[in-house]
Amino acid sequence: MKQLLILSGKGGTGKTTIASSFIRLAQAEAYADCDVDAPNLHLVTTRTDEGKRTDYHGLAKAVIDQGKCQQCGQCAEHCVFQAIQKKEKGYQVDNYLCEGCAVCTLVCLTEAVSMREMVAGQMVLYEQKPVFSTAQLKMGHGNSGMLVTQVKKAMKKAGREAEVAVIDGSPGTGCPVIASLSGVDMVLIVTEPSLAGMSDLQRIIQTAEIFKPQIAVCINRYDTGLEQTAEIEGFCELYGLPMVGKIPFDARAIAAVNQGKTLIEVEESPASQAIQEVYRKTMELLLHAGKEPEQRENFAEKWLLW
Ligand code: SF4
Ligand code: SF4
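Next comes the structure, spelled out in structure tokens:
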């Protein structure tokens, strides 16, 4: 399975719009939404089948048994995350602040504190072809990286026969992005022409390079900042990063996406045409990522002739 991961430095860059179009163009037999804090790929890849839902348990959190608590305050004093506070009903743990370090269980002499697994989110797996794996992390629960790893594992297991998998990553460079990078063959970075766009791009490249995938860049809404677009292109040229395309701003395309359509369904749209070119160039690079000549021919026949 060739895995293509689509990343961006921040939300709203058009990453999911591009991912959903790629899924449609490639007729990908497996895809995943690794933006577990704010998943939205399901909104533009409508499914008629029922997904299998599984609770996701993150790290255990502290729980105080008020019957055993002697109100000594040692747990609150030793919690560096200030997750334990004295309330009217005694010492209470704030689940949003608790990091699950278990120090409070060690300092409590009455064994009133224990660690308990909590439901931190939900995973959804659509097992019928095309396989789709996604998840939603509950607000305030950390460990989104662990959940991303589970989402990818589920996709790989259920879609093991798929030749190409498209993964919509989460924005930024944090833990979920690092988890989504592991094991992918290629990363397509979607950036935009702004000051933040350039620095975000550099940060993602630094993170992605640790995993040594093929990296390519595309610029979304490139015509909203031609000067910065030229800077990004210059940067890519300087560092030998393939620039696979520039997508123009297209208000009709945004309206279509808001209606739950993929960008390529919008007729006579310059953005739609540009994204098809980005797809073609991306798949050509993916084709050469670690394949033998004969395999490349088969791959090209299947994924590039449309
Ligand atoms: S350390 Fe134990 S006994 Fe003391 S306040 Fe905390 S839970 Fe209660
Ligand atoms: S587990 Fe750690 S973070 Fe959570 S309440 Fe106890 S000491 Fe604080």
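Position 243 of the sequence shown, counted from 1, bears residue number 244 in the numbering used here, the numbering being contiguous throughout.
All residues carry an ideal CB built from backbone N, CA and C; glycine is no exception.
It should be emphasised that the depicted structure is a prediction, and the values quoted were computed from it without experimental measurement.
| said: Strictly by DSSP, which residues pair up with residue 111? | reply: As a working note, residue 111 is residue 110 in the sequence shown. DSSP lists no partner for residue 111.
| Looking only at DSSP bridge pairs, what is residue 219 linked to? | The count along the sequence shown starts at 1 and reaches residue 219 at position 218. Beta-bridge pairing links residue 219 to 191, 246.
| field | Simplified DSSP state of residue 58, which is helix, strand or coil | value | As a working note, residue 58 is residue 57 in the sequence shown. It is a strand residue.
| To which residues of the same chain is residue 223 closer than 7 Å at the C-beta, ignoring the five residues directly before and after it? | Numbered from 1 along the sequence shown, position 222 holds the residue referred to as residue 223. Closer than 7 Å at Cβ, skipping near neighbours: 194, 230, 247, 248, 249.
| message | Helix, strand or coil for residue 270? Go by DSSP, reduced to three states. | response | Residue 270 sits at position 269 when you count from the first residue of the sequence shown. In the structure shown, residue 270 sits in coil (DSSP, three-state: anything other than H, G, I, E or B).
| For residue 239, is the classification buried or exposed, using 16 other Cβ atoms within 10 angstroms of its Cβ as the cut-off for buried? | For the purposes of this step, residue 239 is taken as the residue at position 238 of the sequence shown. Exposed.
| query | Any idea if residue 8 is buried or exposed, counting beta-carbon neighbours within 10 angstroms, 16 or more meaning buried? | reply | The residue you call residue 8 lines up with position 7 of the sequence shown. With 16 or more Cβ atoms within 10 Å of its Cβ, residue 8 is classed as buried.
| request: Reducing DSSP to helix, strand and coil, say where residue 9 ends up. | output: Here residue 9 is taken as the residue at index 8 of the sequence shown, counted from 1. Looking at residue 9 - three-state DSSP - the assignment turns out to be strand.
| said: By DSSP's criteria, residue 4 is part of a beta bridge. Which residues make up the other side? | reply: Position 3 of the sequence shown, counting from 1, holds the residue named residue 4. Residue 4 is bridged to 166.
| Below 7 Å between beta carbons: does that hold for residue 69 and residue 172? | In the sequence shown, counting from the first residue as 1, residue 69 sits at position 68. In the sequence shown, counting from the first residue as 1, residue 172 sits at position 171. No, these two residues do not count as a Cβ contact at 7 Å.
| task | Using the beta-carbon of each residue, find all residues closer than 6 Å to any heavy atom of ligand 1 and list them in chain order. | result | 65, 70, 71, 72, 73, 74, 75, 76, 92, 108, 109, 111, 113, 114
| said: So for residue 119, helix, strand or coil by DSSP? | reply: As a first step, residue 119 must be located in the sequence shown, where it is residue number 118. Here residue 119 sits in coil by DSSP.
| said: From the DSSP secondary-structure annotation, give me the bridge partner or partners of residue 34. | reply: Here residue 34 refers to the residue found at position 33 when the sequence shown is read from its first residue. Answer is 169.
| Within 10 angstroms of its Cβ, does residue 289 collect 16 or more other Cβ (buried), or is it exposed? | To locate residue 289, count along the sequence shown from 1; it is residue 288. Counting Cβ neighbours within 10 Å, residue 289 comes out exposed, since fewer than 16 surround it.
| request: Using only the heavy atoms of ligand 3, determine whether one of them is closer than 6 Å to the beta carbon of residue 290. | output: As far as ligands go, the structure on display features ligand 1 and ligand 2 and does not contain ligand 3.
| message | In this structure, how does DSSP classify residue 97 when only helix, strand and coil are distinguished? | response | Walking along the sequence shown from the start, residue 97 turns up at place 96. DSSP places residue 97 in coil when its eight states are reduced to three.
| message | I'd like the list of long-range same chain contacts for residue 162, defined as Cβ closer than 8 Å, with 5 residues on each side in sequence excluded. | response | Along the sequence shown, one-based indexing puts residue 162 at 161. Around residue 162: 30.
| field | DSSP three-state assignment for residue 49, whether helix, strand or coil | value | Walking along the sequence shown from the start, residue 49 turns up at place 48. DSSP places residue 49 in coil when its eight states are reduced to three.
| query | When you compare only the Cα positions, how much space is there between residue 273 and residue 36? | reply | Locating residue 273 in the sequence shown gives position 272, counting from the first residue. Locating residue 36 in the sequence shown gives position 35, counting from the first residue. Spanning the two alpha carbons is a distance of roughly 23 Å.
| residue 34 versus residue 145: straight-line alpha-carbon distance, rounded | For the purposes of this step, residue 34 is taken as residue 33 along the sequence shown, with counting starting at 1. For the purposes of this step, residue 145 is taken as residue 144 along the sequence shown, with counting starting at 1. When rounded, the distance between both Cα atoms is 12 Å.
| said: Please state the DSSP three-state secondary structure of residue 83. | reply: As a working mapping, residue 83 is identified with position 82 in the sequence shown. Here residue 83 sits in coil by DSSP.
| query | In three-state DSSP terms, what is residue 29? | reply | Taking the sequence shown and counting its residues from 1, one reaches residue 29 at position 28. Coil at residue 29, not helix or strand.
| query | Taking the alpha carbon of residue 61 as the point to measure from, which residue in 115, 178, 132, 76 has its own alpha carbon closest? | reply | Translated into the one-based positions of the sequence shown, residue 61 becomes position 60. The candidate whose alpha carbon is nearest that of residue 61 is 115.
| message | Is it buried or exposed, residue 304, if we count other Cβ atoms within 10 angstroms and call 16 or more buried? | response | Mapped onto the sequence shown, residue 304 falls at position 303. Since pLDDT at residue 304 reaches only 47, below the 50 mark, its modelled position is unreliable, and the value read off the structure follows with that caveat. Per the 10 Å Cβ criterion, buried.
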